[in-house]
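Engineer:
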Amino acid sequence: MSQFNTPTGPNGCSPSWKCSPILITRGLLRSVPDGETGERYNYIGWQRDCFPQETVKLHIGGKELPATETYPKYTLDSIKPTRYDDAAISSYREFVALRAEGIIPADALARIVAEIPAQDLAIQWDLCFDIIALEYERGRTQDLMFKSHFTPVKEGILERVVRLCVIIPSGVQLGFHLCYGDLRHKHFVEPEDLGLLVELANDIVERVGIPIHSVDWVHVPVPKGRTDVAYFEPLKNLKINGSHLYLGLVHANDEAGTMERIRVAQSICKEPFGLATECGLGRTPRDELDSILEISRRVTSP
Numbered sequence: 001m002s003q004f005n006t007p008t009g010p011n012g013c014s015p016s017w018k019c020s021p022i023l024i025t026r027g028l029l030r031s032v033p034d035g036e037t038g039e040r041y042n043y044i045g046w047q048r049d050c051f052p053q054e055t056v057k058l059h060i061g062g063k064e065l066p067a068t069e070t071y072p073k074y075t076l077d078s079i080k081p082t083r084y085d086d087a088a089i090s091s092y093r094e095f096v097a098l099r100a101e102g103i104i105p106a107d108a109l110a111r112i113v114a115e116i117p118a119q120d121l122a123i124q125w126d127l128c129f130d131i132i133a134l135e136y137e138r139g140r141t142q143d144l145m146f147k148s149h150f151t152p153v154k155e156g157i158l159e160r161v162v163r164l165c166v167i168i169p170s171g172v173q174l175g176f177h178l179c180y181g182d183l184r185h186k187h188f189v190e191p192e193d194l195g196l197l198v199e200l201a202n203d204i205v206e207r208v209g210i211p212i213h214s215v216d217w218v219h220v221p222v223p224k225g226r227t228d229v230a231y232f233e234p235l236k237n238l239k240i241n242g243s244h245l246y247l248g249l250v251h252a253n254d255e256a257g258t259m260e261r262i263r264v265a266q267s268i269c270k271e272p273f274g275l276a277t278e279c280g281l282g283r284t285p286r287d288e289l290d291s292i293l294e295i296s297r298r299v300t301s302p
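Mapping of the sequence shown onto UniProt numbering: residues 1 to 302, in sequence order.
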């Protein structure tokens, strides 16, 4: 295991590189995300205020919206700026300052916004609701929150991913976080195995990585209790054309379990892979963060 990946930053730190000096100084981080910090701590929840309040439906499966002809008309102009660009530019200023101080090595990467120079930028798409929409289609959840508004679901996801990646400049690193959710540190649906994610990763690399933009990494989760061969077996079918695979098998206060998950994964996956937590470091308490960083330091090498 050559590197550690942080799909999202830890809670209470802004940005996440301030909380990862051990991994940064040892050259173990492939990229340095600013993560789900501050008002962005809860995934995309901070975007709710961008939309007209009349359109916000807080309870899934509740009262139906009025008929179209009686409902106020909204356009894209009705939506306030998302401010993701403001957050990224602010984080980049901190990144540059810390790099000048030598805290971040000169060859480290920051995260996401088109205004940042390509050599300093890594963009990672977080496919969470997309994964659970696929599980809804398979009948593994009946929660209407995850019912896709388009069909076929996988084809619709791939079409949207392609449109998002076409605009990314060459030279910018690109990764995918294939996620089952982390609400209160629990998945929306427990993965049966890595089969669905391997299939989607293969399709993404085929659609994006070959004709449009190289895919530098793919991250997939490994639940704490999955030390069985069956969970990792689908990795035999992984075809991501040289992209780096990151297995999210590092869990807080569980070095022995982490080592066992590594051992089982290595018995199936013959290619080198990097390590990560199951769903980044967002909303992670400080004591768990310290444990994760220490375990990651022990089980990885440059």
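Backbone N, C-alpha and C fix where the C-beta goes; we use that ideal spot for every residue, glycine too.
(1) Do the region 200 to 213 and the region 277 to 295 touch if we need at least three Cβ pairs shorter than 8 Å?
(2) Who are the Cβ neighbours of N241 in its own chain at under 6 Å, not counting the five residues just before and after it?
(3) Buried or exposed, going by whether 16 or more other CB atoms sit within 10 Å of the CB of I168?
(4) Among R263, A118, A252, which has the Cα closest to the Cα of I292?
(5) If you follow the alpha helix (DSSP H) that G175 is part of, which residue opens it and which one closes it?
(6) Pull the bridge partners of Y246 from the DSSP assignment, please.
(7) Residue range of the beta strand (DSSP E) that D126 falls in?
(8) Cβ of L245 within 9 Å of Cβ of I262?
(9) Taking its Cβ as the centre, do 16 or more other Cβ atoms sit within 10 Å of S296, making it buried, or is it exposed?
(10) By Cβ distance, which residues of its chain are closer than 7 Å to E233, with the 5 residues on each side in sequence left out?
(11) Under three-state DSSP, which class holds P285?
(12) Just verifying my parser: in three-state terms, what is the DSSP assignment at K236?
(13) Using C-beta distances below 6 Å, list every residue in its chain close to G195, excluding the 5 sequence neighbours before and after it, in chain order.
(14) If you check the beta carbons only, do D126 and C179 fall under 9 Å apart?
(15) Roughly how many angstroms lie between the CA atoms of Y74 and K80, to the nearest whole one?
(16) In whole angstroms, what is the alpha-carbon distance linking R83 and R160?
(17) Taking one C-beta from the region 139 to 153 and one from the region 169 to 178 each time, how about it: are there three or more such pairs within less than 8 Å?
(18) Quick one: Cα of R111 to Cα of Y136, how far?
(19) Please report the straight-line C-alpha distance between A256 and Q266, rounded to a whole angstrom.
(20) Alpha carbons only, please: which of I116, D182, H187, H177 is nearest the one belonging to L200?
(21) Determine the direct distance from the alpha carbon of L197 to that of D130, and round the result to whole angstroms.
(22) What does a CB cutoff of less than 7 Å around V220 pick up in its chain, not counting 5 residues either side in sequence?
(23) Using the Cα positions of L76 and W217, report the straight-line distance between them to the nearest angstrom.
(24) Apart from the five residues on each side of it in sequence, which residues of its chain come closer than 6 Å, Cβ to Cβ, to Q124?
(25) Which of helix, strand or coil does DSSP assign to K154?
Structural biologist: By the coordinates alone:
(1) With a cut-off of 8 Å, the region 277 to 295 and the region 200 to 213 do not count as touching, because too few Cβ pairs lie within range.
(2) Cβ neighbours of N241 beyond the five flanking positions: V205, G209.
(3) Sixteen is the threshold: when 16 or more other Cβ atoms of the shown chains lie within 10 Å of the Cβ of I168, as they do, the residue is buried.
(4) Measuring from the Cα of I292, the nearest candidate turns out to be A252.
(5) Element bounds for G175: not the alpha helix (DSSP H) but the beta strand (DSSP E), 173 to 178.
(6) Its beta-bridge partners are H219, G274.
(7) Counting along the chain, the beta strand (DSSP E) containing D126 begins and ends at 122 to 127.
(8) The Cβ-Cβ distance between L245 and I262 does not fall below 9 Å.
(9) The residue is buried, with at least 16 neighbouring Cβ atoms inside 10 Å.
(10) The residues are D193, I268.
(11) Residue state for P285 is assigned as coil, using DSSP reduced to three classes.
(12) DSSP, reduced to helix, strand and coil, places K236 within a helical segment of the structure shown.
(13) So the qualifying residues of the chain are P234.
(14) Yes, they are a contact pair.
(15) The straight-line gap from Cα to Cα measures roughly 12 Å.
(16) For R83 and R160, the distance between alpha carbons rounds to 21 Å.
(17) No, they do not touch.
(18) Any reading at R111 must be qualified, since the residue scores a pLDDT of 37, below 50, and its modelled position is unreliable; the value itself is stated next. Distance from the CA of R111 to the CA of Y136, rounded to the nearest whole angstrom, comes to 31 Å.
(19) Here the alpha carbons of Q266 and A256 stand approximately 15 Å from one another.
(20) Nearest option by C-alpha distance: H177.
(21) Spanning the alpha carbons of D130 and L197 requires a straight line of approximately 11 Å.
(22) Non-local beta-carbon contacts of V220 in its own chain, meaning distances under 7 Å to residues more than five positions away in sequence, involve L178, L194, L197, L247, G248 in chain order.
(23) Each residue's Cα considered, the two are about 32 Å apart.
(24) For Q124, where only same-chain residues beyond five positions count, the Cβ hits under 6 Å are G175, H177.
(25) Correct three-state label for K154: helix.
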